[in-house]
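S.K.: Under numbering that gives the first Met the number 0, the first residue of the sequence shown is numbered 0, with each subsequent residue one higher. Backbone N, C-alpha and C define an ideal beta-carbon position, used for all residues, glycine too.
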Amino acid sequence: MIPKDHPRYESLVLRARIVEASKAGILADSAMIAHGRGEAFDYLIGEKTTQNAKEAVKAAAAALILAEHPVVSVNGNTTALVSEDIVRLSNTLKAPIEINLFYRTPQRVEKIEKILKEKGAKNVLGVENEKKGLIKGLKGPRANASFEGVYKADVVLVPLEDGDRAEALVANGKTVITIDLNPLSRTAKTSFVTIVDNVVRAIPLITEEVKKLRNCDETELRNILNNFDNSLNLEKSLKIISKTYADEKP
Ligand code: ATP
């Protein structure tokens, strides 16, 4: 039991979720390393949602509302950390969830599907024996996408994606939205909208923003998107990281 007054309580709770999920067999061995990299960047941005992350959340919500076929992609870490909120977002958008694993095994896919369905997911794609389409520019199993999901989608929310796949999705004409604590990652730089925030904070905020914006007219939503500049937004995150250090007294 982690004591609630522990100064690193939130962070330790997330670690515990990752450890549990790893024991339950839903994560690849490298998942803890990916989590650790995220944790380090979270520490650097102050472990809270920044103003510029909120701006990115708004742009992400606008893009998802405007989409004809939005899809929410999940991997093992996202499922371990925020499955309930992922399901809530997917149900709010009426968008399918697609399981997308870097090191894919049928067992892990099955376990993730079960968790999502238990939390109330209505449409889980990316499972075995499903019609697949090929994402051009990728090799091997990673090129497969669900025909009714990412393959057909115009807008994809792909938290914690790897750079190669993010680049390929963009090259295949998708509007890519990511959540990545590392503003320097290839995924962060390639995506149309990058929310530099922890997935556990960002996903519920996107759902709230979708609810707020969904009655806006198309012009207003397009204006939100047109006024969003991803490179500038990433620069703001980098400034926050360096300022935290410059202001700190030894
Ligand atoms: P890229 O291939 O895009 O250059 P990478 O090789 O660092 O980046 P991966 O290891 O494939 O990317 O994915 C892990 C990414 O997810 C890291 O950038 C890490 O910062 C980020 N990450 C890990 N945990 C979280 C989290 N809880 N919330 C948001 N981002 C996270």
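1) Should Ala20 be counted as a contact of ligand 1 given a C-beta to heavy atom distance under 6 Å?
2) Kindly indicate which three-state DSSP category Ser184 falls into: helix, strand or coil?
3) Give me, in chain order, the residues of the same chain whose beta-carbon lies closer than 6 Å to that of Ala167; leave out the 5 immediate sequence neighbours on both sides.
4) Got a sec, what are the start and stop residues for the alpha helix (DSSP H) Ser21 sits in?
5) Quick check on Tyr8: buried or exposed, where buried means 16 or more other Cβ atoms within 10 Å of its Cβ?
6) Is it buried or exposed, Ala20, if we count other Cβ atoms within 10 angstroms and call 16 or more buried?
7) Name the one or two DSSP bridge partners that Ser145 has.
8) Would you kindly work out how many angstroms separate the C-alpha atoms of Ser184 and Glu112, rounded to a whole number?
9) Ignoring anything shorter than 4 residues, give me the alpha helix (DSSP H) runs that lie fully in the region 175–228, in order along the chain.
10) Any heavy atom of ligand 1 closer than 6 Å to the CB of Thr104?
11) Okay, do the region 190–206 and the region 86–101 touch, 3+ Cβ pairs below 8 Å being the bar?
12) Among Phe40, Ile98 and Asp28, which has the Cα closest to the Cα of Ser236?
13) Kindly identify the DSSP beta-bridge partner or partners of Pro69.
14) Buried or exposed: which applies to Glu129, given that a residue is buried once 16 or more other Cβ atoms fall within 10 Å of its Cβ?
15) Determine whether the beta carbon atoms of Ile66 and Val154 lie at a separation below 7 Å.
16) Have a look at Asp216 and Ala152 and give me their C-alpha separation to the nearest angstrom.
17) Round the Cβ separation of Val169 and Ser72 to the nearest angstrom and send it over; I've been treating them as touching at under 8 Å.
18) Please classify Ala15 as buried or exposed, where buried requires at least 16 other C-beta atoms within 10 Å of its C-beta.
19) Evaluate contact between the region 53–65 and the region 26–37, counting only Cβ atoms and requiring at least three cross-stretch pairs below 8 Å.
M.R.: According to the structure shown:
1) no
2) coil
3) Ile134, Gly136 and Leu137
4) Tyr8 to Lys22
5) Label assigned to Tyr8: exposed.
6) Ala20 is buried by the Cβ-count criterion.
7) Lys131
8) 28 Å
9) 185–189, 198–212 and 217–225
10) no
11) yes
12) Nearest to Ser236 by C-alpha distance, out of Phe40, Ile98 and Asp28, is Phe40.
13) The beta-bridge partner set that DSSP reports for Pro69 consists of Val154.
14) Answer is exposed; the Cβ neighbour count stays below 16.
15) Per the sequence presented here, residue 66 reads as Ala, with Ile not at that position. It is a contact, given that the beta carbons lie within the stated cut-off.
16) 22 Å
17) In fact, because the Cβ distance is near 14 Å, the residues do not count as touching under 8 Å.
18) Answer is exposed; the Cβ neighbour count stays below 16.
19) no
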